[in-house]
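Residue numbers (our numbering): 116 to 234.
What follows is a single structure, written as structure tokens, with notes after it.
Structural data, given as structure tokens:
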């Protein structure tokens, strides 16, 4: 899926987006470096919660809204978090819901665009 197709899908049918689709696109377009980051009250060491690191870095790079970024987490957001509002699982999603972009701080650059011809 191309970036344009992904963004159209995200904006047209966010409830149909899968976390795996998000990670597949990110892995195709970017080189990832595990990076420590803070997300509200949640601190993640480099190499910890790489999926959240990738999604949040992607959302930041693409200028996604809070709602669009949350949709990128797929069923983890829609079912696991929204379906269990008092739960404690998926702390990065829950912190992002509460703090939004103001709470996200990376201690480096997790995503760098891949060079053309560099799979």
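Backbone N, C-alpha and C fix where the C-beta goes; we use that ideal spot for every residue, glycine too.
Small disclaimer: the values here were computed from a predicted structure and weren't measured.
Excluding the five sequence neighbours on either side, which residues of its own chain have a C-beta within less than 7 angstroms of the C-beta of residue 164, listed in chain order?
-> 207
- Query: When the Cα of residue 205 is compared with those of 217, 161, 190, which residue comes out closest?
  - Reply: 190
* To do: Identify the continuous alpha helix (DSSP H) that holds residue 175 and give its terminal residues.
  => 165 to 177
Hey, quick one: how far does the beta strand (DSSP E) through residue 154 stretch, first residue to last? 152 to 154
- Item | Straight-line gap, residue 117 to residue 177 (C-alpha atoms, nearest Å) | 14 angstroms
**Message:** Below 8 angstroms on the Cβ atoms is my contact criterion, and I expect residue 186 with residue 129 to pass it. Report the Cβ-Cβ distance as a whole number of Å.
**Reply:** 4 angstroms
TODO: List the DSSP bridge partners of residue 191.
DONE: None; residue 191 has no bridge partner.
By the DSSP assignment, the alpha helix (DSSP H) with residue 226 in it spans what residues? Per DSSP, residue 226 belongs to no alpha helix (DSSP H); it is in the beta strand (DSSP E), 226 to 228.
TODO: Quick one: using the 10 Å Cβ neighbour count with 16 as the cut-off for buried, is residue 125 buried or exposed?
DONE: buried
_Using only CA atoms, which one of 162, 122, 181, 195 lies nearest to residue 150?_
162
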